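Residue numbers (my numbering), protein chains in the order written: chain U, 1 to 495; chain F, 496 to 1009.
Here a beta-carbon is modelled for each residue, glycine too, at the ideal position from N, C-alpha and C.
Owing to the predicted nature of the structure, the values given are computational and were not obtained by experimental measurement.
Notes follow the structure.
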């Protein structure tokens, strides 16, 4: 029941925000929505976090939610990151702020649904629904060239999700599963023959690659970030919605182990290339949001490498990195909004020397930036390390390539800090305002917490990864047996 | 309740007969009041009395549809309770699950179309007293079409429906486009009927039977040697009905007729006529695919159908992409949706029927909501449907814009709207029946479809209206009812489709081909 509330409550608050007449209640209402969802997430640790109700009996779909697993962790982190985002957006968005906040809350509802759904059709519904708030934030509050960015985003996203729809609808009937609930599918789908698995996995992987995103399906990402509202709040929502990695981890890889094995080399190659490509391209740009977008693309490459290693450590690390980059990339986008506040531009040339007049802002940004480039003790490190470790076990070449990307990202991060905060300062800017302190506080706390005490989350991720791993191991002999049986039959036919 | 045997045998006919009876009553009522309306108007004595008499016609027609719906529901309950699918006239007229499901959809579509028309007929100067009787007759023809147990009844239903719709399509007397629409529809429709009759003759020649059950049984007897002839008949039947459901390449009439016909009639045609034709197509293909059986000859019909569906999907969706008028865009999109329903027909079986019935239900609700918004924006001469008309609607009329957005999202197949569940059912049925490649093509064309549906939404919210753009008139009460039912239904059937699906699945034995 609590799991259902994690979806319904933010949705209800979003509707209330859209209809609420008094501006005075908007911000408290939005904050209440996020805080309550977060609290619900923290409460949903045992039986209360699970829900199973039949939905469409003749289709075999369920309203099945589970907040106790890996998805629960990601849902909690997403809610926690939206906390400062709502705070910041409520103050910084001038035109129709209540609608902006409503769409942020709708994003939260959709994300909760994506992370908690344990029924494939339900997962698809939330996956698709969460697209709308992102588009609405871009349409309603974006910059001048938002239309082109929207069309690009929509086409990529819809092409991906429709491919996934085919995969979803194929995996049920073809495997003969009793229904679309995860456990029902898990009992049947891994037994499909490897070729069918590969086709279906390709459908999933296409959708997830668009939303990871990885090369060559990433082109929408940068334009969307560049055209989003200058506060950076919409970018945070976009960052949280990079759920492709979770889709691979929670659905595609466990359900279709043979398909995953068949396509893993491609995934590793693309992931490693994306990691390097993102980091290198980022250094060639002078627009802060574009740089952040490419840097986050590089992270996603590492996530993909970890996942497609199909190694326990790699998958576990990828999820941890995904959770951590929600905080760090999201935090950096909020910082970009603060910087835009001071200089009215995202061009790096407009900055420089800010540390002199705004030392606290510089220090806080440095911590988030360091976390983002994987400095030990901060958020991204445990995940990045494990993802690369796992990848090294399975595919050393891809791991080495991705490692290069991490080095390049480090150089990029330091260089970025220099160009923003050091060097010649042209004029004084104000240091952090009380609001910005309030925005930074949860970001920094999460950054430290995920870096210093990652064990609890890692255990949750590993438990789920390991469960899928045993299925893979069990499935292999079955597949071999089927193949052998087919061979015997064929031999008999020949005779 | 026990009825005397002869009437008991005829019970499945009651909904259609009710409609015909109400058509007659409405016609008489209209003829007698016309003179008084004219008198009142001429004397300018009592304009309100004239208006109320016009409204009475609509109310009468609605009552007829509602009565038919009540009877249909009662029949469905009866046959559910007895566990036997009803049949009348020796199996020529059926009351099985397919008939019930499609009857519900047709009657719902007809009721909404009447409400929608009533809100705009007077404004568009289309309110001749024959309008409602013809609409009721067309609906009755649709019921006969989906309940037909043999090919003769099917032809009868098709003609009852089509003749009424030919007249309705040409309803705007002073409009060349409307005249052309009616003429085009009539000529091509007559041609299609001829092809259909030829197909019926060939099928009869091959099997010696008209009824679906008999055709299947005859073909199944050992030593049946007229497979080639039967196939020829089947192809002619497919082409004849393909015209009516607007499968490419027999779709050419559809965009012109849908655009030229008065918009309320377009709305009626795109939901009721299409649903009825698909009901018949499901029965015919279901019977003939089974009759032709497996083997090289049996594979021709599904292959031909698959080619038609593939073409329809591509032509409909790319055609819609190229339109600048919203009405014409919806016309092409209607062609495209015929392709998706066709996928369910191809899949066949109970899953196919269920998917088709749900898809058409969703399409009926959504499409009528879209037409309701469009009609509220269009000029009094039934023109002015250009996309620019919608610019800034999000700010000027937020509720209208929201309703149209819901309709567009549902047509595009976004959850949580009914259109999404429809697509899920159709694709699942197609994939389970082994047509994965066609399902992939359908998905690929759906991506194209998103572009033109999204264009409507972005125009409403992102484009500023011209300074001299026409004021938007207030939405009438009846149009508001259509909008409310359409939007709420689209959402409700998207979130909780279970009730309807159970209703269809729970009906007793499929007969005649199923």
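Item, Value
"Helix, strand or coil at residue 349 of chain U according to DSSP, with G and I counted as helix", "helix"
"Sub-8 Å separation of residue 304 of chain U and residue 329 of chain U beta-carbons", "no"
"DSSP-derived helix/strand/coil call for residue 56 of chain U", "strand"
"Within chain U, the residues that residue 819 of chain F reaches when beta carbons sit closer than 9 Å", "By Cβ distance, chain U contributes nothing, its closest Cβ being about 17 Å from residue 819 of chain F, past 9 Å."
"Ranges of the beta strand (DSSP E) found wholly within the stretch 281 to 360 of chain U, counting only runs of at least 3", "none"
"Sequence-distant residues of the same chain with beta carbon closer than 7 Å to residue 27 of chain U, five excluded per side", "90"
"Helix, strand or coil at residue 179 of chain U [DSSP, three-state]", "coil"
"Three-state secondary structure (DSSP) of residue 63 of chain U", "strand"
"Endpoints, the alpha helix (DSSP H) within which residue 104 of chain U is located", "97 to 116"
"Residue 431 of chain U - DSSP class collapsed to helix/strand/coil", "coil"
"Among U/61, U/341, U/294, U/280, the one whose alpha carbon lies nearest that of residue 430 of chain U", "U/341"
"Residue environment, residue 22 of chain U, which counts as buried when at least 16 other CB atoms sit within 10 Å", "exposed"
"Of the listed residues U/249, U/324, U/282, nearest to residue 309 of chain U (C-alpha basis)", "U/249"
"C-alpha distance - residue 671 of chain F paired with residue 730 of chain F, whole-angstrom precision", "35 Å"
"Segment limits, beta strand (DSSP E) that includes residue 588 of chain F", "588 to 590"
"Below-8 Å beta-carbon distance, residue 601 of chain F vs any chain U residue", "no"
"Backbone CA spacing between residue 790 of chain F and residue 840 of chain F [nearest angstrom]", "20 Å"
"Residue nearest to residue 417 of chain U in terms of C-alpha spacing, selected from U/369, U/407, U/380", "U/369"
"Collapsed DSSP secondary structure at residue 463 of chain U in the structure displayed", "helix"
"Secondary structure of residue 453 of chain U, DSSP reduced to three states", "coil"
"7 Å Cβ cut-off: residues of chain U touching residue 949 of chain F", "154"
"Own chain, CB closer than 6 Å to residue 662 of chain F, minus 5 neighbours either side, in chain order", "629"
"Residue environment, residue 585 of chain F, which counts as buried when at least 16 other CB atoms sit within 10 Å", "exposed"
"Three-state secondary structure assigned by DSSP to residue 50 of chain U", "strand"
"8 Å contact criterion, which residue 785 of chain F and residue 711 of chain F should meet: CB distance rounded", "5 Å"
"Collapsed DSSP secondary structure at residue 581 of chain F in the structure displayed", "strand"
"Buried/exposed call for residue 540 of chain F, threshold 16 Cβ in 10 Å", "The predicted model places residue 540 of chain F with a pLDDT of 49, which falls under 50 and marks its position as unreliable; any figure quoted below should be read in that light. Answer is exposed; the Cβ neighbour count stays below 16."
"Cβ-based neighbour list, residue 701 of chain F, same chain, cut-off 7 Å, excluding 5 preceding and 5 following", "721, 724, 725, 728"
"Candidates U/382, U/259, U/280, U/377: closest to residue 317 of chain U by CA position", "U/382"
"Distance, residue 427 of chain U Cα to residue 436 of chain U Cα", "20 Å"
"Beta-carbon neighbours of residue 922 of chain F, restricted to chain U and to distances below 8 Å", "165, 166, 169"
"Stretch-stretch touch, CB-based, cutoff 8 Å, three pairs: the stretch 981 to 996 of chain F with the stretch 870 to 888 of chain F", "no"
"Span of the alpha helix (DSSP H), counted from its first residue to its last, around residue 807 of chain F", "795 to 816"
"Chain U contact residues for residue 956 of chain F, given Cβ-Cβ distances below 9 Å", "136, 139, 140"
"Cβ of residue 959 of chain F within 8 Å of any chain U Cβ", "no"
"Proximal residues to residue 943 of chain F (C-beta, below 7 Å), its chain only, five neighbours per side dropped", "812, 813, 816"
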